[in-house]
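For reference, the structure discussed in these notes is given below.
Protein chains in written order, with my numbering: chain A, 1369 to 1479; chain B, 196 to 308.
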């Protein structure tokens, strides 16, 4: 069966520090991968999506970047975090008739 | 601009009451439609989805949704809610072939025992 792993679950980082959030998918190949950010009262905002290794599309300009070094690995990064980067980050994958499946999320607090 | 609209962000109701959450989208073309639920402290789970066929879709936990193409709507319903239905509900739309899911802002539903 397909599973999606996302870590860490919570993270507190100082302003100006780097960020690396990792997401991996098991049980499928060549999935579409996504990073969303969830903010209270604002729903889920799509940040990045990828249809293959090295292929990244950005939906909104921001202080973040994404990379897909392997077929089932999707990484969200920042060189220098801002206070406004605080939020709940969700990784998701889609493929075939499975629709979209979401990870358990990372609560990022920038202090 | 393309968008997904959910109104009445906060809904409070008593057990056994009926629930209906509205969802409207502004995309042209063929769409795939989803409702997701997020229970307190848990991750997003799929309630139901519509790709094609019967516009009345049955989901898990007694939920259903109706796709009305002429109204660009996909409203979620449950005839009789339980305390355990307290959660945040998200409508989402995928433009067919677009490989991206756009979400509404969500409805925070609180069911009072």
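Cβ coordinates follow ideal geometry from the N, Cα and C atoms, glycine included.
No experiment lies behind these values; they were computed from the predicted model shown.
Query - residue 1389(A) and residue 1443(A) closer than 8 Å at C-beta - result: Taking the first chain and counting its residues from 1, the one referred to as residue 1389(A) is at position 21. Taking the first chain and counting its residues from 1, the one referred to as residue 1443(A) is at position 75. Yes, the Cβ-Cβ distance between residue 1389(A) and residue 1443(A) is below 8 Å.
Query raised in the report: Mind pulling the chain A residues with CB within less than 7 Å of residue 241(B)?
Result: In the second chain, the residue the question calls residue 241(B) occupies position 46. Chain-order list of chain A residues neighbouring residue 241(B): 1467, by C-beta distance under 7 Å.
Query - Chain-ordered chain A contacts of residue 269(B) [CB-CB under 9 Å] - result: Taking the first residue of the second chain as 1, we reach residue 269(B) at position 74. The premise fails here: residue 269(B) is roughly 14 Å from chain A at the closest Cβ pair, so nothing lies under 9 Å.
Query raised in the report: Do the CB positions of residue 230(B) and residue 271(B) come within less than 8 Å of each other?
Result: Locating residue 230(B) in the second chain gives position 35, counting from the first residue. Locating residue 271(B) in the second chain gives position 76, counting from the first residue. Yes.
Query raised in the report: In terms of residues, what are the limits of the beta strand (DSSP E) holding residue 1396(A)?
Result: Position 28 of the first chain, counted from the first residue, corresponds to residue 1396(A). From DSSP, residue 1396(A) is part of no beta strand (DSSP E); its letter is neither H nor E.
Requested in this report: Could you tell me which uninterrupted beta strand (DSSP E) segments, each at least 3 residues in length, are contained entirely in the segment 1391-1478 of chain A, listed from first to last along the chain?
Outcome: 1400-1407, 1411-1420, 1423-1426, 1433-1438, 1441-1446, 1455-1462, 1468-1470 and 1474-1478
Query raised in the report: Counting only beta-carbon atoms, is residue 1431(A) nearer than 8 Å to chain B?
Result: By 1-based counting over the first chain, the position of residue 1431(A) is 63. The Cβ of residue 1431(A) sits no closer than 8 Å to any Cβ of chain B.
Report task. Grab the span of the beta strand (DSSP E) containing residue 1485(A) for me, first residue to last. Result -> With chain A running from 1369 to 1479 in the structure shown, residue 1485(A) is simply not present.
Query raised in the report: Between which two residues does the beta strand (DSSP E) carrying residue 286(B) extend?
Result: As a first step, residue 286(B) is located in the second chain; it is residue number 91 there, counting from the start. Taken as a continuous stretch (DSSP letters only), the beta strand (DSSP E) holding residue 286(B) covers 282-290.
**Report entry** chain B residues whose Cβ lies nearer than 8 Å to that of residue 1458(A)
**Finding:** Working through the first chain from its first residue, we reach residue 1458(A) at position 90. Those are 238 and 239, listed as they occur along chain B.
Query - Interface residues of the segment 1413-1437 of chain A facing chain B [CB-CB below 9 Å] - result: Near chain B, meaning a CB-to-CB distance below 9 Å, the residues of the segment 1413-1437 of chain A are 1413, 1414, 1417, 1419, 1425 and 1427.
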